[in-house]
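Chains as they are written, first to last, in the UniProt record's numbering: chain E, 1 to 481; chain X, 1 to 481.
Yeah, the Cβ is synthetic: ideal placement off N, Cα and C, and Gly gets one too.
Report on the structure given below.
There are 2 protein chains.
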Amino acid sequence: MKLPIVQSYAGFAMALAIAFMTVHTKATTTDLINEQQKANAQALMEKALKSDLAYEIVESLTTEIGPRLAGSEAEKRARDWGVKLGKELGFDRVSVEEFTMPYWVRGELKVALSAPYAQELYATALGGSGASTNNIDAPIVYFRNLDEIAYVKSGDLAGKVAFIDGDLMVPSQTGAGYGPSNQKRRVGWQHAERGGALALMIRSVGSNSQRFPHTGMMSALEDKWASIPVVALSNPDADQLRRLYKLGEPLKVSIASTAQWKGDVSSGNVILDLIGSERPEEIVLIAGHLDSWDEATGALDDGAGIGITVAAAKLIAELPTRPKRTIRVVMFGAEEVGLLGAFAYAKKHADNLHNHVLATESDFGARTIWRLVSNVNPDANATIDAIGKILEPLGIVRGGSDVPGGGPDIIPMARAGVPTIRLEQNGMDYFDYHHTPDDTLDKIIPEELKQNVAAYAVTAYLAADATADFRPEAKTRSEED
Amino acid sequence: MKLPIVQSYAGFAMALAIAFMTVHTKATTTDLINEQQKANAQALMEKALKSDLAYEIVESLTTEIGPRLAGSEAEKRARDWGVKLGKELGFDRVSVEEFTMPYWVRGELKVALSAPYAQELYATALGGSGASTNNIDAPIVYFRNLDEIAYVKSGDLAGKVAFIDGDLMVPSQTGAGYGPSNQKRRVGWQHAERGGALALMIRSVGSNSQRFPHTGMMSALEDKWASIPVVALSNPDADQLRRLYKLGEPLKVSIASTAQWKGDVSSGNVILDLIGSERPEEIVLIAGHLDSWDEATGALDDGAGIGITVAAAKLIAELPTRPKRTIRVVMFGAEEVGLLGAFAYAKKHADNLHNHVLATESDFGARTIWRLVSNVNPDANATIDAIGKILEPLGIVRGGSDVPGGGPDIIPMARAGVPTIRLEQNGMDYFDYHHTPDDTLDKIIPEELKQNVAAYAVTAYLAADATADFRPEAKTRSEED
């Protein structure tokens, strides 16, 4: 296993002890968190940095369940696994909330250059792609980027295969390059279909220079999905096409795809609760998602999120007393195919979302957390700041207090007004593996995973035990209850 | 494109100028190389570090020809490309020497875990593998390493698929880990067949932690090749099998392979000569190989070697006069499948190998050269040392003077007594890409390729123009001529 520079957390215990001594002398600046809470936070942090639990959970999920496409039999096995895990770890309440979803499978795909010479191209069907009704062997029409294909008129691409190139995604700590790069994956098919293309190929959205193309869901247009095959080519294969195009070679490609929609099936969210000791109806929600893309075992996306949040909650459960509020771990189902579990949760709990005091999701891999951002009632910002202070020895800085979004599966409840925070992971190499066959267990650095658990345990515990209320107009709401 | 630390050669020209001034004042220690030769060497080095030619050659070969399996139509196109290139670049003599070879193709391969659950495994057929006569779906018998399977007796593996695990190859600058790791690829099948296995899977030989398995030729046993499918699993897939095995899960795998031998076909070596001005019959041979494995465009293996050696010779051709001896660039055919071009060359030129004064091959990727080793007449070691001194500003150290082997395709002629040197490249990440679908142009760092060209140009020029004779009993031989 090889990855870029790995931060070492050896000697963390000593660093923490020193850091806490410092915090102690400045107690007045953080008196929103009392001495007992600080001691518990320190204990959680130290235990988390020594615990292998999160890694063991990811290892178990990826090894014993394997790939777990939304709606598949494997995702069902993952739910059963999640229930069993929750019970074994002693959560107070374990439940599954099922929902129905449309099921798409990629089937088989073969893509090969057929002129100027035969060469297999490494490609993956995008989520929602159609099949090839006949095997396609057709000239390629090259588009430099999504903007170029937007001008295509009806019939312009009849009998052709469109290829949208574009540049290699810019890697960054925040993952900021993903959104722009991803647009061609989302809506490119709409232009290709309008033009009458037989199929669409796009340059892979990922930042990797390996021959693993990046899959992911397309966007439906007025509830309609692509009827033609839509595939991503790995970056080296896209480079090759670009070079051949620049040489002026006549390019042809053959595409055979059996992707299809298979009707409605069941998925579900698994919910593990640690019931609060004083305000059990109030919920601090930490989440990951249980489904993965089908081409890999989803260690980074999102086995890591499951491991981090479950292990963090388990450490909190081992404290002498439960925090005041309920801590809820949600293992969302069917995230990859459109946040279906998240929308199902928000719908089912619509009448109780006002009791969701704070929500966040770990769904950005397994590298270290470097920043805490939030979007809560401004009156409670000081408490988030104080939590941020406690997290400093883990190498975490306090970011903006007006940053919406607590993770993909938090979007539906955030829209309904649930306050959010995010413990931002270093995403510099996340899109080298994300949504590719290469998202496997060996990509996780155990020491970095532990830092994540420490941050989640401390944050969830302090938020659940805090006096502050993070909700907008919190007082009005609690009077209404 | 992302790769580990890249050495910068910016400012090389100035560093060279300073280095040469130093060498100048110590002229007496290197008087085996005269002032004119030193000036020419410096000019070659400076030009090479500014020249894009080698990269352009690799780009052309990998883009315009693509993958070029030994014996294939694509390898024939590569020979035509090589001839055209040699003529365009103004070599004095361009020729092709054809030979006949048995042709193996991998066909289609599907490998998937079928118990405890269904998961596609990323696998590649090893060169010489047999096909599955019926589709195989059978229990896996796990062997920790090659030693373990060596004890298998006839019938022990009837109805089973053997899996030889082993550890991840140790990466190193010299590539020393490859030989030991490779043994299971070479001879594992012989044990599996003896045991009556339906098929053999081995852990990929490469050092990469990506889901690209490493292909490569097996060894025949008394002219017999494997009759069963023999495949390598990517390291993450082998990890997964190992974990499942340790959990005690009953493991089953399905394998369908259409690999086959297709009878005899033509391959060939392309030879580009710069004819020597004083001793044209004496040959300094620098080589790469033209064929690649079929799953990638073979940029590192061995497009780079072709680019480096052709560009180096072209720079020498641009000097005001030809060096005394002939410089021969050989683009060997069919290297990957058993050094077939190299054996054909040694056989065809058997009566003239005594005129091969020195031989070497670039076939270890495209990273910088760090060491010069040799195996020549001890009387000529001082001249090799002097060449090493000239190479120092490129960051190259002088290694052993008793190190046999000038590269794979040099083996047959070295066995016949041809003296060899090797300009050793940094192989730390070579086996992350070698023999995988990921051996593509983006893995080459242009600045590092230039350093290779500089070293080859200087070395080939000085060896061809040197007074010293590198051959064993050189005098006796020249008297015989």
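Considering Cα atoms alone, identify which of the options is closest to residue i.
{"i": "GLY128 (chain X)", "options": "X:ASN182, X:ILE255, X:THR215 and X:GLU361", "result": "X:THR215"}
{"i": "VAL58 (chain X)", "options": "X:ILE33, X:LEU85 and X:SER401", "result": "X:LEU85"}
{"i": "ASN381 (chain X)", "options": "X:GLY407, X:ARG328, X:ARG322 and X:ALA466", "result": "X:ALA466"}
{"i": "TYR345 (chain X)", "options": "X:MET413, X:ALA304, X:LEU315 and X:GLY407", "result": "X:MET413"}
{"i": "HIS191 (chain X)", "options": "X:PHE143, X:SER234 and X:SER172", "result": "X:PHE143"}
{"i": "SER234 (chain X)", "options": "X:GLU295, X:LEU146, X:GLN210 and X:VAL152", "result": "X:GLN210"}
{"i": "TRP293 (chain E)", "options": "E:LYS262, E:LEU391, E:ILE308 and E:ASP439", "result": "E:ASP439"}
{"i": "ALA70 (chain X)", "options": "X:LYS87, X:ALA43 and X:TYR103", "result": "X:TYR103"}
{"i": "TYR433 (chain X)", "options": "X:TYR178, X:ARG106, X:VAL161 and X:ASP147", "result": "X:TYR178"}
At what residues does the beta strand (DSSP E) containing residue i begin and finish?
{"i": "PHE91 (chain E)", "result": "It is not in any beta strand (DSSP E) - PHE91 (chain E) carries neither H nor E in the DSSP assignment."}
{"i": "ARG422 (chain X)", "result": "420-425"}
{"i": "LEU272 (chain X)", "result": "260-274"}
{"i": "LEU372 (chain E)", "result": "369-375"}
{"i": "PHE163 (chain X)", "result": "161-164"}
{"i": "GLY288 (chain X)", "result": "279-289"}
{"i": "ILE308 (chain E)", "result": "Taken as a continuous stretch (DSSP letters only), ILE308 (chain E) belongs to no beta strand (DSSP E), being part of the alpha helix (DSSP H) at 304-317."}
{"i": "ILE65 (chain E)", "result": "No beta strand (DSSP E) contains ILE65 (chain E), which DSSP labels as neither H nor E."}
{"i": "MET201 (chain E)", "result": "199-203"}
{"i": "ILE149 (chain E)", "result": "Here ILE149 (chain E) belongs to no beta strand (DSSP E); instead the alpha helix (DSSP H) covers 146-149."}
Since I believe residue j is in contact with residue i (beta carbons under 8 Å), could you give me their beta-carbon distance rounded to a whole number of angstroms?
{"i": "HIS289 (chain E)", "j": "ASP302 (chain E)", "result": "5 Å"}
{"i": "THR297 (chain E)", "j": "THR62 (chain E)", "result": "4 Å"}
{"i": "THR258 (chain E)", "j": "GLU64 (chain E)", "result": "The pair is not a contact, with the Cβ atoms about 29 Å apart (cut-off 8 Å)."}
{"i": "ARG243 (chain X)", "j": "ASN377 (chain X)", "result": "Contact flag wrong, Cβ pair sits at about 55 Å."}
{"i": "residue 489 (chain E)", "j": "LYS252 (chain E)", "result": "Residue 489 (chain E) falls outside the range modelled here, since chain E spans only 1 to 481, and no answer is possible."}
{"i": "VAL310 (chain E)", "j": "LEU89 (chain E)", "result": "7 Å"}
{"i": "ALA304 (chain X)", "j": "TYR456 (chain X)", "result": "With 8 Å as the limit, ALA304 (chain X) and TYR456 (chain X) do not qualify as a contact, their Cβ atoms being about 11 Å apart."}
{"i": "VAL265 (chain X)", "j": "LEU126 (chain X)", "result": "Going by Cβ atoms, the distance from VAL265 (chain X) to LEU126 (chain X) rounds to 20 Å, so no, they are not a contact pair."}
{"i": "GLY395 (chain X)", "j": "THR368 (chain X)", "result": "6 Å"}
{"i": "GLY188 (chain X)", "j": "GLY268 (chain X)", "result": "At roughly 32 Å, the Cβ-Cβ gap does not stay under 8 Å, so GLY188 (chain X) and GLY268 (chain X) are not in contact."}
{"i": "ARG106 (chain X)", "j": "GLY166 (chain X)", "result": "Not really, about 22 Å apart at Cβ, beyond 8 Å."}
{"i": "residue 482 (chain E)", "j": "VAL329 (chain E)", "result": "Any question about residue 482 (chain E) goes unanswered here, given that chain E covers just 1 to 481."}
{"i": "SER254 (chain E)", "j": "ASN145 (chain E)", "result": "Between ASN145 (chain E) and SER254 (chain E) the Cβ distance is about 25 Å, and since that is not below 8 Å, they are no contact."}
Got a sec, what are the start and stop residues for the alpha helix (DSSP H) residue i sits in?
{"i": "PRO412 (chain X)", "result": "411-415"}
{"i": "ARG194 (chain X)", "result": "178-194"}
{"i": "ALA324 (chain X)", "result": "The residue asked about is misnamed: residue 324 (chain X) is Lys in this sequence, not Ala. Counting along the chain, LYS324 (chain X) falls outside any alpha helix (DSSP H), and DSSP gives it neither H nor E."}
{"i": "VAL458 (chain X)", "result": "446-465"}
{"i": "VAL58 (chain E)", "result": "53-60"}
{"i": "PRO378 (chain E)", "result": "Neither: PRO378 (chain E) is in no alpha helix (DSSP H) and is coded neither H nor E."}
{"i": "TYR433 (chain E)", "result": "430-433"}
{"i": "LEU358 (chain E)", "result": "First-last for LEU358 (chain E): 356-361, but that is the beta strand (DSSP E), not the alpha helix (DSSP H)."}
{"i": "ALA226 (chain E)", "result": "Careful: ALA226 (chain E) lies outside any alpha helix (DSSP H) and carries neither H nor E."}
{"i": "PHE470 (chain X)", "result": "Unbroken run through PHE470 (chain X): none, as it is neither H nor E."}
Examine chain B for any beta-carbon lying closer than 9 Å to the beta-carbon of residue i, and answer yes or no.
{"i": "LEU198 (chain X)", "result": "Here chain B cannot be found, since the structure's protein chains are E and X."}
Sufficient close CB pairs (3 or more, under 8 Å) joining the region 221-232 of chain X to the region 78-96 of chain X: No, they do not touch.
Any 3 or more C-beta pairs closer than 8 Å across the region 439-446 of chain X and the region 188-197 of chain X: Result no; under three Cβ-Cβ pairs closer than 8 Å.
The region 176-188 of chain E contacting the region 255-272 of chain E, beta-carbon criterion three pairs below 8 Å: They do not touch, by the three-pair rule.
Contact residues within the region 107-138 of chain E, judged by C-beta distance below 7 Å to chain X: Cβ contacts with chain X come from TYR117, GLN119 and TYR122.
Segment contact flag, the region 104-116 of chain X with the region 155-169 of chain X, C-beta cutoff 8 Å, min 3 pairs: Note that the region 104-116 of chain X does not touch the region 155-169 of chain X; fewer than 3 beta-carbon pairs, one per stretch, sit closer than 8 Å.
Interface residues of the region 207-224 of chain E facing chain X [CB-CB below 9 Å]: Residues SER207, ASN208, SER209, GLN210, ARG211 and PHE212.
Cβ contact (3+ pairs, closer than 8 Å) linking the region 359-370 of chain X and the region 420-427 of chain X: Enough Cβ pairs lie closer than 8 Å, so yes.
The region 351-359 of chain X contacting the region 274-286 of chain X, beta-carbon criterion three pairs below 8 Å: Because the criterion of three Cβ pairs below 8 Å is met, the region 351-359 of chain X and the region 274-286 of chain X touch.
The region 35-55 of chain E touching the region 451-466 of chain E, judged by at least three CB pairs closer than 8 Å: Taking one beta carbon from each stretch, the region 35-55 of chain E and the region 451-466 of chain E have 3 or more pairs nearer than 8 Å; the two touch.
Contact list for the region 432-453 of chain E against chain X, Cβ threshold 9 Å: Of all residues in the region 432-453 of chain E, ASP432, THR436, PRO437, ASP438, THR440, LEU441, ASP442 and LYS443 have a Cβ within less than 9 Å of some Cβ in chain X.
Residues of the region 67-96 of chain X whose Cβ lies closer than 8 Å to any Cβ of chain E, in chain order: For the region 67-96 of chain X, which is checked against every Cβ of chain E, the residues closer than 8 Å are PRO67, ALA74 and ARG77.
Selection of the region 258-278 of chain E by Cβ proximity to chain X, strictly under 9 Å: Listed by position, the residues of the region 258-278 of chain E near chain X (Cβ gap below 9 Å) amount to none.
The region 234-241 of chain E in contact with the region 118-134 of chain E per 3-pair CB rule at 8 Å: Counting C-beta pairs closer than 8 Å gives three or more between the region 234-241 of chain E and the region 118-134 of chain E, which meets the contact rule.
Segment contact, 8 Å Cβ cut-off, at least three pairs: the region 34-42 of chain X with the region 208-222 of chain E: The region 34-42 of chain X, when compared against the region 208-222 of chain E, does not touch it at the 8 Å Cβ threshold.
Within 7 Å of chain E by C-beta, residues of the region 226-244 of chain X in sequence order: For the region 226-244 of chain X, which is checked against every Cβ of chain E, the residues closer than 7 Å are PRO236, ASP239, GLN240, ARG243 and LEU244.
Interfacial residues, the region 414-432 of chain X to chain E, with Cβ spacing under 7 Å: Under the 7 Å Cβ criterion, the region 414-432 of chain X contributes no residue.
Members of the region 379-394 of chain X near chain E, C-beta cut-off 7 Å: For the region 379-394 of chain X, no residue has a beta-carbon sitting nearer than 7 Å to a beta-carbon of chain E.
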